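Asks: I have a structure I would like to understand better, so I am pasting it below and will then ask my questions one at a time.
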Amino acid sequence: MSVFGIGMGSISNSLIASQNTNNINALMQQLQTIDQQLSSGLQFSLPGQNPQATSSILPINQDIAAQTQYQTNLTTDLGFLGTTDTSMQTLSTSLNQANSLLLGGLGSTSTPAEKSADAGQVGTIISGLVNTANSTFEGQYLFAGSASQQPPYQVLQSGAVLYTGNQASINSQVAPGLILPNNISGVTAFGGISTPVSSDVNPAVTAQTNLSDLNNGRGVPAGSIQVTLAPTAGPSITETIDLSHAHTVGDVQQAIQNAFPPGDVTVGIPAGPPADALQITAATGTVAVSDLNGGKTAQSLGLAGAAASSITGGDLNPLLTLLTPLAALNGGTGVDQTHGLTLTDGSQQQTISIAGDTTVQDLLNTLQAADPNLSVGINSAGNGLAISTRLSGVNFSIGENGGTTATDLGIRTLTASTSLSSLNLGQGVPVNATDSSGNPIPANLEIQRRSGTTIEVNLAGAKTVQDVLNDINAVDPGKLVASLNSVGNGISLTDNDGVSTGPLTVTNNAISQALGLAGTQSSPDPTQPLVGTDVNPQQATGVFNLLLQLQSALQSNNTADLTRLQPLFQQEVQRVSTVQGNVGSQEELLTQVQTQTSTEQTNLQSSLSTLQDVNMASAISQLTQIQTSLQATLQTAASSMQLSIFNYI
Amino acid sequence: MGLGAALGIAGNALNVFSTGVQVTGNNLANASTPGYIVENLQLTPGPSYGVSPLILGTGVEAVGVKQQVNQFLQQQLLGATSDYNSSNELNSVYTNLQQQLQALGDNNLSTQFSSFASALSNLANQPSSAALNAQAVSAGTALANSISSLRGSIDNQRSLANTQVQQLVTQANTLIQNIVQLNPQITKLESSQLLQSQAGSLRDQRYQDLNQLSQIIPITYTENKDGSVNIYSGSNYLVLGEQSQQLRTVPSGSQGVATVNVQFGTTGGTLTASSPGTGQLTAALKGRDNVLGGFTQNLDTLTSNMISEFNQIYASGEGTDGYSSVTSTNTVADPTAALSQAGLAFTPQNGSFQLQVVNQTTGLTTTSTINVDLTGGPGDTTLNSLAAAINGVANASATVTQDGHLQINAGSGYQVKFSNDTSNVLSSLGINTFFTGSDSSSIGVNSAVTADPNTFASGQGNGPTDGSNALALSQFADTPLSGLDGETLNQSYNALVTGIANNASAETTLSQSQNDYLQSLTAQQQQTSGVSLDQQAIQLMQYQEGYQASAKVVTTIDSMFQVLLNM
């Protein structure tokens, strides 16, 4: 209410009237404000009524909205993980059941008929687990990765179990800066994909290579470089070149070359192989390249260097991408596209031609089209292909078809560098075996040569397939030749001394069996090799593959297999309990975050309340005060308006 | 002389006192008339004459009726009226704006940001849910709608403010015309009189007109000897002797709404939002252009940054469904111009994007890189060359339509998807984007995604919908944007609202203090020029008693005459 002095002199009635009106209006307004505050519970409704508080309230409101969403996310995530946990418990129980069946089968007391019945039980366990692995929460398949609209596991007619999910995480934000997955993929929980055999295929650098793919994916930091050209004739030129908008290697080449008179400076990729570096060359004289202001652009491109007629960088290690041309693999040598490769995936055996493929993507699509049960992609290191089977309970292998295609692509499942210990599903080759009293058993490969002589090759100490090949090839160099099968996988043995035509036999023993080489080649043609079998079939990891193997071992009363499987079951139980532990700790973490979030939200609400909410006690006492003064004002007004000299004349 | 003269004096006195009662009666009658200025009967003793050796008076004379007015106070009052009306006007503009924003309520721009972010976050949690896909699309549509409806109501307010400007100009012109007409009437009425300010009711009328005019534009006035007034607004005259000038409206810049500024008809000076001075007219211009227009600008900055940043992330993602045909939402005037020079609202840069062609039967995907060369050389990518590059991809084709849209079609049995757009060409052209338009007036949602919510780009190249893009998008309101000087959308919105709050609060304080000042001046004016009933009653009694006394003189003279006649 405005207060001002009343001057000397007469007081006009309009002054009295307007003063009274003003006073009453002002008080009514205050009354109205308090009334509004009390009914809304808020001190103010428009930002302009309290800008300071508003500037705090706005971000708090946004924080509260974010925290509310985190709570929603946490609830959803905990729902997912809770159901996952339950499924994992079922898995653990089923595994233990299967393990007892395995132990029962190993014991001497159970008959083949009983084992066969046990195999039936294992079948039931498998069906149950497939059902568990296809669990859903809110309509989404938990173990399908991101392909969560379809059941990820299905039992094929052949009995094999197919995994159609992927390994993607579904991430969810649960706190500022904290993003956690709410799923574990089927591969992590139940397994179902074989571990891919993959090696570095060393892609070459081309003009189309993205800068972000260089240096194993670390890329090239954006920045400017300085290039100094000192031609033999004329003054030297120093140019600063901004490469921050360069996107590909070609952009870099152009940007540098365009900074100088045409032809004076050339940036190229030396043909190699390996064609994996950049080179800057001066037409005449020297060129020097350096980074500016502590940047690392030139250095990361391998171009930084002191004045020289040409500077050549090191291996730029570009990532293998879907669009990498096959011709750029192996440092630019490319791959054998004439022969193609052989693929065994369970009962499916086929020869695949890659003659029409140009890029990695074409190749992957060719493979996928040939066998839909494959999982095809690029390995996690980004330098090789990753081809594996999605079928549990079958053997999988990739071999040659008379050429070097599979080896060139780095996906042959049995190569010279394969270690002996990984052969035969991890049982290895008993090159360092001992008898029960601890004495070494001689690791001899016994070969009856075409000449009729029998030789023994001692393989003790051999670690890789190459070691075995070397040991055999050392016996009669050039005549008794061991090599990898030219078609498919395995070891081939040729005995061609130019004279003998008798049969070539490798005696059946533990070593020759483990190498897949036991057998006889009785063809009189000495160029005909004794072709060994594939002793490195790949199988899917995880529980379904083990159970299917157990089922077939029990069915066929194969004690050796049962013995082999026993430690694998132990490992699987261990693995599942680790995964269970991880899910548990993930749930615990989320619960912790949930508590934190709700505490934080309470704090925010209380700050908001302090800023925004009306203090009822003081508002009500203010209301009473205003009511009193309004009453007084009304009374004063009424009596002052009534007073007039006219009443007395 | 003697009795006859005395009778004359008394008779005249009776007349004067009757007039006095009339003046008092007029005052009393107008005690509640707004703008009425109390009038006084001015009395003076009659001229004296000498009858040697005596000098005798001739009684009382009424000189005139004078308004009781303080000219200095009147001038001050006009200034204060202009000031108060100006800040009051702006204050109400701010209040309206704040009510539109609902910044402290449950339904404002910020809560719309939050609910869109929530919908995106929910989708990220369960990316294969079609229901959540649809929810994300509808939350985004709600956000776009609330921005454009906010812009619509601000535009509406601005156009109302513009109408107000036009009405105020008409009112001011009427008032100026009134004063121009009142001036000679007052001069004429008072010309024969000695005292100024005798033309009471006409002057009351003129004071009221001046007061009303001062509400509209700031004025000062000077009163001439003949009773007329000259009126000035700043350095421009409005009434000068017999001349006057009217205000008129002239069209000004639009900013979405056609607006006018004000010009002095003769001298040509203009009133704009940046003019100094107060009054409702300038305030209406300021409210329209600075407060509401400024807000519109800020809203546009906020919106265009949101559209461009959101679409940039969105364009590199993919939905559960691809497109069998997709048409750019934005057009290019010249398809042979480099895309960075083609006049797109959001400029693309050197880079590339990947076009994925998905075989619907086998599910196999073929990815191709489409390079967008914008290094500034002659080989820069144009819309035509972009279409040609896409045409080079198997089972995909592209055409540039007559009206400058790019249309990409997948072959029969195929769909196209997009990813890894480092060039921002997709978001600038409006292919695989969510929002359309470039500011708050044009924002909308791409019909491709409203028609099929399953094209909502929630995933990022990890097979079917891994939700990673939805997760990245859900951060849209909390990601620092270079276009907003490193502020996030939420921060920028907060700064915008806090700025309005500060200005509104300052304007409220100003308006209150000016109201107080105006009230105190009005009180002074009412004290000086208002009718005090008590004072008038005393005056009335005075006149009555004077009348009674003069009548007594007449009866006394009468009885004296009787004595004389009966002699």
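Chains as they are written, first to last, in our numbering: chain A, 70 to 718; chain B, 648 to 1214. C-beta: ideal position from N, C-alpha, C; glycine also. A quick note: this is a predicted structure, and the numbers were derived from the prediction, not measured.
#1: Short of 8 Å in beta carbon distance, which residues of its chain neighbour Ser-844 (chain B), apart from the five on each side in sequence? Order them along the chain.
#2: In whole angstroms, what separates the C-alpha of Gln-721 (chain B) from that of Asn-92 (chain A)?
#3: Quick one: does Gly-117 (chain A) have its CB under 9 Å from some CB of chain B?
#4: Taking 9 Å as the CB-CB limit, is Leu-760 (chain B) close to chain A?
#5: Using the beta-carbon of each residue, which ones in chain A are nearer than 7 Å to Tyr-741 (chain B)?
#6: Can you list, in chain order, the stretches of the alpha helix (DSSP H) that have 4 or more residues and sit fully within the stretch 194-254 of chain A?
#7: Give the residues of chain A in contact with Asp-1181 (chain B), contact being defined as C-beta atoms less than 9 Å apart.
#8: With burial defined as no fewer than 16 other Cβ atoms inside 10 Å of the residue's Cβ, what is the status of Phe-1000 (chain B): buried or exposed?
#9: Can you confirm whether Ser-293 (chain A), when its beta carbon is compared against all beta carbons of chain B, has any partner nearer than 9 Å?
#10: In the structure shown, what three-state DSSP assignment does Ala-1104 (chain B) receive?
#11: Using three-state DSSP, classify Asn-577 (chain A) as helix, strand or coil.
#12: Output yes or no for whether 9 Å exceeds the beta carbon distance between Asp-1125 (chain B) and Leu-1136 (chain B).
#13: Does any CB atom of chain A fall closer than 9 Å to the CB of Glu-956 (chain B)?
#14: Cβ closer than 7 Å: which chain A residues qualify as neighbours of Asp-1113 (chain B)?
#15: In whole angstroms, give me the CA-to-CA distance for Gln-711 (chain A) and Gln-1166 (chain B).
#16: Which residues does DSSP list as the beta-bridge partners of Glu-308 (chain A)?
#17: For Leu-690 (chain B) versus Val-668 (chain B), is the C-beta spacing smaller than 9 Å?
#18: So what does DSSP say about Lys-548 (chain A), is it helix, strand or coil?
#19: Given a cut-off of 9 Å, decide if Gly-881 (chain B) and Pro-865 (chain B) are closer than it, judged by their beta-carbon atoms.
#20: Does the distance from the CB of Ser-83 (chain A) to the CB of Gln-1173 (chain B) come in under 9 Å?
#21: Give a yes or no on whether 9 Å exceeds the smallest Cβ distance from Glu-656 (chain A) to chain B.
#22: Kindly give me the distance between the Cβ atoms of Thr-317 (chain A) and Ala-276 (chain A), rounded to whole angstroms, as I take these residues to be in contact under 8 Å.
#23: Return the bridge partner residues of Lys-713 (chain B) from the DSSP annotation.
#24: Helix, strand or coil: how does DSSP classify Phe-259 (chain A) here?
#25: Within a Cβ cutoff of 7 Å, which residues of the same chain sit near Leu-887 (chain B), ignoring the five residues on either side of it in sequence?
#26: Tell me the rounded alpha-carbon separation between Gln-323 (chain A) and Val-358 (chain A).
#27: Do you know offhand how far Pro-100 (chain A)'s Cα is from Thr-697 (chain A)'s?
#28: Please report the distance separating the alpha-carbon of Ala-781 (chain B) from that of Asn-1101 (chain B).
#29: Which residues of chain B have a Cβ atom closer than 7 Å to the Cβ of Leu-392 (chain A), listed in chain order?
#30: On the three-state DSSP scale, how would you describe Gln-843 (chain B)?
#31: Whose C-beta lies closer than 7 Å to the C-beta of Ala-791 (chain B) among residues of the same chain, with five residues either side of it excluded?
#32: What would DSSP say about Lys-1064 (chain B), mapped onto helix, strand or coil?
#33: Between Thr-137 (chain A) and Asn-279 (chain A), is the Cβ-Cβ spacing less than 9 Å?
#34: Under 9 Å between C-beta atoms, does Ala-154 (chain A) make it to chain B?
#35: Might you give, ordered along the chain, the residues of its own chain that have their beta carbon closer than 7 Å to the beta carbon of Gln-106 (chain A), omitting 5 neighbours on each side?
#36: DSSP state of Phe-329 (chain A), grouped into three classes?
Replies: By the coordinates alone:
#1: Position 197 of the second sequence, counted from the first residue, corresponds to residue 844 (chain B). Legend: pLDDT at Ser-844 (chain B) = 48, less than 50; position of this residue unreliable, value from coordinates given subsequently. Once the five neighbours on either side are set aside, the close Cβ partners of Ser-844 (chain B) are Lys-713, Gln-714, Val-716, Glu-837, Arg-850 and Gly-874.
#2: Locating residue 721 (chain B) in the second sequence gives position 74, counting from the first residue. Locating residue 92 (chain A) in the first sequence gives position 23, counting from the first residue. Gln-721 (chain B) and Asn-92 (chain A): Cα-Cα distance of roughly 23 Å.
#3: Start at 1 with the first residue of the first sequence, and residue 117 (chain A) comes out as number 48. For Gly-117 (chain A), the answer is yes, since a Cβ of chain B falls inside 9 Å of its Cβ.
#4: Position 113 of the second sequence holds residue 760 (chain B). For the sequence presented, residue 760 (chain B) should be read as Phe rather than Leu. Phe-760 (chain B) counts as touching chain A.
#5: Here residue 741 (chain B) is taken as the residue at index 94 of the second sequence, counted from 1. Result: Gly-117.
#6: none
#7: Indexing the second sequence from 1 puts residue 1181 (chain B) at position 534. Chain A residues near Asp-1181 (chain B): Ser-79, Ile-80, Asn-82, Leu-712, Ser-713, Ile-714 and Phe-715.
#8: Taking the second sequence and counting its residues from 1, one reaches residue 1000 (chain B) at position 353. Under this definition Phe-1000 (chain B) is a buried residue.
#9: In the first sequence, residue 293 (chain A) corresponds to position 224, counting from 1. Taking Cβ atoms only, chain B never reaches closer than 9 Å to Ser-293 (chain A), which makes this a no.
#10: Along the second sequence, one-based indexing puts residue 1104 (chain B) at 457. Coil.
#11: Numbered from 1 along the first sequence, position 508 holds the residue referred to as residue 577 (chain A). Correct three-state label for Asn-577 (chain A): coil.
#12: Position 478 of the second sequence holds residue 1125 (chain B). Position 489 of the second sequence holds residue 1136 (chain B). Cβ atoms of Asp-1125 (chain B) and Leu-1136 (chain B): closer than 9 Å.
#13: Translated into positions along the second sequence, residue 956 (chain B) becomes position 309. Closer than 9 Å: no.
#14: Within the second sequence, residue 1113 (chain B) is the residue found at index 466, counting from 1. Ordered by position in chain A, the residues that pass the 7 Å Cβ test against Asp-1113 (chain B) are Ser-215, Ala-237 and Ile-239.
#15: Taking the first residue of the first sequence as position 1, residue 711 (chain A) is located at position 642. Taking the first residue of the second sequence as position 1, residue 1166 (chain B) is located at position 519. Each residue's Cα considered, the two are about 23 Å apart.
#16: Position 239 of the first sequence, counted from the start, is the residue given in the question as residue 308 (chain A). Answer is A:Val-296, bridged to Glu-308 (chain A).
#17: For this step, residue 690 (chain B) is matched to residue 43 along the second sequence. For this step, residue 668 (chain B) is matched to residue 21 along the second sequence. No. Outside cutoff.
#18: Along the first sequence, read from residue 1 onward, the residue named residue 548 (chain A) stands at position 479. Residue state, collapsed to three classes: coil.
#19: In the second sequence, residue 865 (chain B) corresponds to position 218, counting from 1. In the second sequence, residue 881 (chain B) corresponds to position 234, counting from 1. Yes; because the gap between Cβ atoms is below 9 Å, this pair is in contact.
#20: Reading the first sequence from its first residue, position 14 is the one you call residue 83 (chain A). Reading the second sequence from its first residue, position 526 is the one you call residue 1173 (chain B). Cβ distance < 9 Å, so Ser-83 (chain A) and Gln-1173 (chain B) count as in contact.
#21: Indexing the first sequence from 1 puts residue 656 (chain A) at position 587. Cβ-Cβ to chain B under 9 Å: no for Glu-656 (chain A).
#22: Locating residue 317 (chain A) in the first sequence gives position 248, where the first residue counts as 1. Locating residue 276 (chain A) in the first sequence gives position 207, where the first residue counts as 1. That pair is a contact at about 7 Å.
#23: One-based indexing of the second sequence puts residue 713 (chain B) at position 66. Answer is B:Asn-687.
#24: Indexing the first sequence from 1 puts residue 259 (chain A) at position 190. Of the three classes helix, strand and coil, the one that applies to Phe-259 (chain A) here is coil, per DSSP.
#25: Within the second sequence, the letter at position 240 stands for residue 887 (chain B). Asn-877.
#26: Position 254 of the first sequence holds residue 323 (chain A). Position 289 of the first sequence holds residue 358 (chain A). Each residue's Cα considered, the two are about 16 Å apart.
#27: Position 31 of the first sequence, counted from the first residue, corresponds to residue 100 (chain A). Position 628 of the first sequence, counted from the first residue, corresponds to residue 697 (chain A). A small fix is needed here, since residue 100 (chain A) is Leu in this sequence, not Pro. Spanning the two alpha carbons is a distance of roughly 11 Å.
#28: Along the second sequence, one-based indexing puts residue 781 (chain B) at 134. Along the second sequence, one-based indexing puts residue 1101 (chain B) at 454. Taking the straight line joining both Cα atoms gives about 8 Å.
#29: By 1-based counting over the first sequence, the position of residue 392 (chain A) is 323. Here the neighbours are Thr-1014 and Thr-1016.
#30: Counted from its first residue, the second sequence places residue 843 (chain B) at position 196. Caution applies to Gln-843 (chain B), whose pLDDT of 46 falls short of 50 and renders its modelled position unreliable; the value that the coordinates give is listed next. If DSSP states are grouped into helix, strand and coil, Gln-843 (chain B) belongs with coil.
#31: Along the second sequence, read from residue 1 onward, the residue named residue 791 (chain B) stands at position 144. Excluding positions up to five away in sequence, the list reads Phe-1082, Ile-1090, Gly-1091 and Val-1092.
#32: Reading the second sequence from its first residue, position 417 is the one you call residue 1064 (chain B). Three-state DSSP puts Lys-1064 (chain B) in a strand.
#33: For the purposes of this step, residue 137 (chain A) is taken as the residue at position 68 of the first sequence. For the purposes of this step, residue 279 (chain A) is taken as the residue at position 210 of the first sequence. No.
#34: Counting from 1 along the first sequence, the entry for residue 154 (chain A) is found at position 85. The question names Ala, but residue 154 (chain A) in the sequence shown is Asp. For Asp-154 (chain A), the answer is no, since every Cβ of chain B falls outside 9 Å of its Cβ.
#35: The residue given as residue 106 (chain A) occupies position 37 in the first sequence. If we look at Gln-106 (chain A) and ignore the five residues flanking it on each side, its Cβ neighbours are Gln-112, Val-683 and Ala-688.
#36: Along the first sequence, read from residue 1 onward, the residue named residue 329 (chain A) stands at position 260. Three-state DSSP puts Phe-329 (chain A) in coil, outside helix and strand.
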